[in-house]
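Chains as they are written, first to last, in UniProt numbering: chain A, 1 to 449; chain B, 1 to 449.
There are 2 protein chains.
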Amino acid sequence: MDNTQAIFEKLKIELLKHHSKKFKEDFLDLHNYDQGRFFGELTREERLLVYKYLDPDELADTFDELDDEPDLIAEYLDEMAPSYAAALLNGMYDDNEADILGAVRNDKLHKLLSYMQPVDAARVRQLLKYEEKTAGALMTTEFISVAVDTTVGSAMNQVKQEAQYAETISYIYVVNESNQLIGVISVKDLIVNPDDVFIKRIMNTNVVSVRDDEDQTEIAAQIRDYNFIAIPVVDERNKMLGIITVDDIIDVIDEESAQDYSRLAGVNSEDMSENPWKAVRSRIPWLVTMLFLGLISAMVISQFQNVLDKFGVLAVFITLITGTAGNAGTQSLAVAIRRLANDEEGDSVFKLILNEVITGILIGLLTGIAIFAVILFWQKNMVLGIIVGAAMSGAIFVANLVGTLIPIIMEKLGMDPVVASGPFISTLSDITSILIYFNIATICLANFY
Amino acid sequence: MDNTQAIFEKLKIELLKHHSKKFKEDFLDLHNYDQGRFFGELTREERLLVYKYLDPDELADTFDELDDEPDLIAEYLDEMAPSYAAALLNGMYDDNEADILGAVRNDKLHKLLSYMQPVDAARVRQLLKYEEKTAGALMTTEFISVAVDTTVGSAMNQVKQEAQYAETISYIYVVNESNQLIGVISVKDLIVNPDDVFIKRIMNTNVVSVRDDEDQTEIAAQIRDYNFIAIPVVDERNKMLGIITVDDIIDVIDEESAQDYSRLAGVNSEDMSENPWKAVRSRIPWLVTMLFLGLISAMVISQFQNVLDKFGVLAVFITLITGTAGNAGTQSLAVAIRRLANDEEGDSVFKLILNEVITGILIGLLTGIAIFAVILFWQKNMVLGIIVGAAMSGAIFVANLVGTLIPIIMEKLGMDPVVASGPFISTLSDITSILIYFNIATICLANFY
Chain A
1 MDNTQAIFEK
11 LKIELLKHHS
21 KKFKEDFLDL
31 HNYDQGRFFG
41 ELTREERLLV
51 YKYLDPDELA
61 DTFDELDDEP
71 DLIAEYLDEM
81 APSYAAALLN
91 GMYDDNEADI
101 LGAVRNDKLH
111 KLLSYMQPVD
121 AARVRQLLKY
131 EEKTAGALMT
141 TEFISVAVDT
151 TVGSAMNQVK
161 QEAQYAETIS
171 YIYVVNESNQ
181 LIGVISVKDL
191 IVNPDDVFIK
201 RIMNTNVVSV
211 RDDEDQTEIA
221 AQIRDYNFIA
231 IPVVDERNKM
241 LGIITVDDII
251 DVIDEESAQD
261 YSRLAGVNSE
271 DMSENPWKAV
281 RSRIPWLVTM
291 LFLGLISAMV
301 ISQFQNVLDK
311 FGVLAVFITL
321 ITGTAGNAGT
331 QSLAVAIRRL
341 ANDEEGDSVF
351 KLILNEVITG
361 ILIGLLTGIA
371 IFAVILFWQK
381 NMVLGIIVGA
391 AMSGAIFVAN
401 LVGTLIPIIM
411 EKLGMDPVVA
421 SGPFISTLSD
431 ITSILIYFNI
441 ATICLANFY
Chain B
1 MDNTQAIFEK
11 LKIELLKHHS
21 KKFKEDFLDL
31 HNYDQGRFFG
41 ELTREERLLV
51 YKYLDPDELA
61 DTFDELDDEP
71 DLIAEYLDEM
81 APSYAAALLN
91 GMYDDNEADI
101 LGAVRNDKLH
111 KLLSYMQPVD
121 AARVRQLLKY
131 EEKTAGALMT
141 TEFISVAVDT
151 TVGSAMNQVK
161 QEAQYAETIS
171 YIYVVNESNQ
181 LIGVISVKDL
191 IVNPDDVFIK
201 RIMNTNVVSV
211 RDDEDQTEIA
221 AQIRDYNFIA
231 IPVVDERNKM
241 LGIITVDDII
251 DVIDEESAQD
261 YSRLAGVNSE
271 DMSENPWKAV
281 RSRIPWLVTM
291 LFLGLISAMV
301 ISQFQNVLDK
311 FGVLAVFITL
321 ITGTAGNAGT
331 QSLAVAIRRL
341 ANDEEGDSVF
351 KLILNEVITG
361 ILIGLLTGIA
371 IFAVILFWQK
381 NMVLGIIVGA
391 AMSGAIFVAN
401 LVGTLIPIIM
411 EKLGMDPVVA
421 SGPFISTLSD
431 ITSILIYFNI
441 ATICLANFY
């Protein structure tokens, strides 16, 4: 890491001293990802020097690594001569190119497209039409396909010629005369087989592909399950359109897991704007929904106002009981979601519920006894200890059950169990906890006082 | 999907009717992942037939896809003749082989190793020594390396011979006479360069590698950032030991994101045992910690017992205020964590805090006004409405601030902000919410009654 920073410093000095040749040499020696990091540290003036010293094709490889920041790149493009910008875009993989052009202002977009080869411009326009987060929006059209009636030798020659433009050569796709995907071979197959073997004989016809309108989450699951380096994208007629590579899918998986966490809190992760008004607009709906769900609990408590008036100390423990039960329910939820993610079904779901029931009883008892002891020691009140201890046990048992059942039901209804379960479980567990607490209190107080 | 099930049914029939040749042909036509799914559906008797009809090498490819269930495979091995089991393990990639042998009982392990070639057994024993979740435990030794003084042509010949044993041929690693890693070339480089070019001239010497004791999370970050298909693993002397491939890293990323979620709820994700006692032992510590933190809130409430006795309806809204403030704090937390994950620093952290302050004031005001209106309508009590509304505004403002500051502080202290922040924020926000609520109530009641 320190080493990289030292190289970056050296590069900056070369840049500012206008040692253009040395700079170019050392810069191109870096891995593309490090080139991207270096470029990100530069000032506007330093960047203008880079555009002077590097060919657009060379910088294109750097920019391919900045593919998660299309808005930033769109700003960089503004600093360049349009012809340089167009050439640079042209040198990038076209999935990244389309992402960036999607972030460029409309007037600028037309200008850039006018500087491109008509055929490239048309291809990019086509990619820009796909909806975000679909296979079409993720794919690149830079793949290698061969005709079904070629031999290994001539396929290899084709790979030699097209390799530098292809995003991966791990798979070579086999198409018929209508450009329909009918098979796949790996570069390994090409290397180990003799030149005169026909592709048809060695290709795998059981090829897994995705449709251009398929959602990225589904595609991520397939790449993960099948351990692919890339997956082909086809249209409704099975015509080969492009490929999605595993590096883009890793970004999708990362993004989705961050999104799940944000959505749990009702925050729209794509709208991480720095504008407080927008933040308010994005957060208020979930917050107010939860507020109104919380009002149900408040209404239930107000039904027990007469018990509270007689025995005011009960109020002290409401939050403790609802909070602890909520925590227990969240634990059950976490376990249930993981089990469901592992695709367990049938018997196993029943076993999961049974286990949670037993776990809930055990945890409820232990926690109830603990809080009983604490209250006996703190408040010196046996009846209060019994009420809170018993209520805690019951509330935890119910919360565990709710935390297990709700995600199972959500999944059966086809909803995402991670995101939808949280609010329901906290609200339901709050209400049942309060009901259990005040009913136990009413019974005990009637018997003891 | 339906199509696959139909094929599975057909395969089962072939199996039970002892059409061994047809079964073998159709089974091997499936993608390895689907072979694994099919195999997972079989009964013990059906599996015994599979061991009869398939060579161990053929089934090895299937078992390589079941790499996330080493315990299950260890059970399958028990069903096979030891010589078949040893041959099957030998046919698997050795990272998976080591995982499975790690799950096998000790007596069985020695028996299996005794059936292997001594050199293979020694290699697996070596892999078994690595600690879980390190590069050494994840890596496979089935990579291709070439000497630095070879030509493209002879390297290509070596690839042809070794390809079927290598887990990937995307990269060919270049080593010196002491087996130290000094460069890397891609299979693309081999294909496009003429046969007589020396590897030394075209290799990339700026090769990114990881040490065998490095943690899997770090490795995942590098593979993601550099968009690698595989990363080489070296020892402390830079000797080449193995490679880690991107498919294993996707599993790591998946696992880590599931873990984060579970750890948020204090559930140990690795101990997803079906034994309720173990579940209790794993969940109770966090739950009891949270219970005692919750007791602090209860003690704070009990300090205001006199206010509660005079104005019992206040008890109705404690949970609502702490709950809503907690939700608002969680939203800020989610935003802060995402921003921190994007590595923002300096100015930007200050801006994040400022934005959250403004957002907190706005959301607090809006929510306060909403709850004021609800209480006015429901309880017909202007003073209660003012108390709850004002307390809600203040509590949300503080919770937002806490939800932003705690993860920033956690990160500065080198702790994982996702996992450690949750409990602190809910406890802190509960206490401040209660203090704000009852202090406002005390002031208002002193003035109005």
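We put the CB at the ideal spot given by N, CA and C, even for glycine. Only a predicted model underlies this, so the values are computations on that prediction, with no experimental measurement involved.
Taking 8 Å as the CB threshold, aspartate 61 of chain A stays off the interface with chain B. Boundaries of the beta strand (DSSP E) harbouring methionine 240 of chain A: 240-245, taken from the DSSP string. Residues of chain B whose Cβ lies closer than 7 Å to the Cβ of threonine 322 of chain A are, in chain order, Thr319. Our two residues, aspartate 247 of chain A and alanine 166 of chain A, have alpha carbons roughly 15 Å apart in a direct line. Any Cβ of chain A closer than 8 Å to the Cβ of serine 257 of chain B would place that residue at the interface, and such an atom is present.
Between the alpha carbons of glycine 368 of chain A and isoleucine 361 of chain B lies a distance of about 39 Å. Going by DSSP, proline 285 of chain B is part of the alpha helix (DSSP H) stretching over 276-303.
At a cut-off of 8 Å between beta carbons, glutamine 305 of chain B contacts chain A. Taking the CA atoms as reference points, serine 170 of chain B sits about 8 Å from lysine 188 of chain B. Residue contact check for tyrosine 33 of chain B against chain A: a CB pair falls below 8 Å. Inclusion of isoleucine 284 of chain B and isoleucine 363 of chain A in the CB contact set at 8 Å is warranted, their separation being smaller than that value.
Each residue's CA atom was taken as its position, placing methionine 415 of chain A and phenylalanine 38 of chain B some 27 Å apart.
Collapsing the DSSP output to three states places tyrosine 130 of chain A in coil.
A:Thr319 is the residue among A:Thr319, A:Trp277, A:Ala298 whose C-alpha sits nearest the C-alpha of leucine 293 of chain B.
The C-beta of proline 232 of chain B has 16 or more other C-beta atoms within 10 Å across all chains shown, which makes the residue buried. Along the region 281-293 of chain A, the positions whose C-beta sits under 7 Å from a C-beta of chain B are Arg283, Ile284, Leu287, Val288, Met290, Leu291, read in chain order. Of A:Asn106, A:Asn227, A:Ile202, the smallest CA-CA separation from aspartate 29 of chain B is found for A:Ile202. By the C-beta criterion, the region 147-166 of chain A is judged not to be in contact with the region 220-227 of chain A, since fewer than 3 inter-stretch pairs fall below 8 Å.
Inter-segment contact for the region 300-312 of chain B and the region 383-390 of chain A is absent: fewer than three beta-carbon pairs are separated by less than 8 Å. Proximity of the region 77-93 of chain A to the region 106-119 of chain A meets the contact definition, three or more beta-carbon pairs being nearer than 8 Å. The beta carbons of alanine 336 of chain A and threonine 404 of chain A sit about 5 Å from each other, so the pair counts as a contact at 8 Å. At a cut-off of 4 residues, the continuous stretches assigned as alpha helix (DSSP H) that sit fully inside the region 94-164 of chain B are 94-103, 106-115, 118-128, 135-138, 152-162. For glycine 414 of chain A, the three-state secondary structure derived from DSSP is coil. The residues Thr4, in chain order, have a CB closer than 7 Å to that of aspartate 34 of chain A in the same chain once the five nearest residues on each side in sequence are set aside. Sorting B:Phe317, B:Val300, B:Ser302, B:Ile296 by C-alpha distance to the C-alpha of serine 302 of chain A places B:Phe317 at the top. CA-CA distance, serine 429 of chain A to alanine 395 of chain A, rounds to 7 Å. Nearest in C-alpha terms to alanine 163 of chain A, of all of B:Ser145, B:Ser186, B:Ile144, is B:Ser186. Partner residues in the beta bridge of proline 232 of chain B, as assigned by DSSP, are B:Ile243.
In this structure, alanine 85 of chain A keeps its C-beta atom at 8 Å or more from the C-beta atom of leucine 49 of chain A.
For arginine 224 of chain B, the C-beta contacts it makes with chain A under 8 Å involve Asp247, Ile250, Asp251, Asp254, in order along the chain.
In the three-state reduction of the DSSP assignment, serine 433 of chain A falls in the helix class. Membership of glycine 40 of chain A in the alpha helix (DSSP H) is indicated by the continuous run 32-40.
At a cut-off of 8 Å between beta-carbon atoms, valine 234 of chain A makes no contact with chain B. In the structure shown, the three-state DSSP call for asparagine 206 of chain B is coil. In the displayed model, phenylalanine 397 of chain B falls within a helix according to three-state DSSP.
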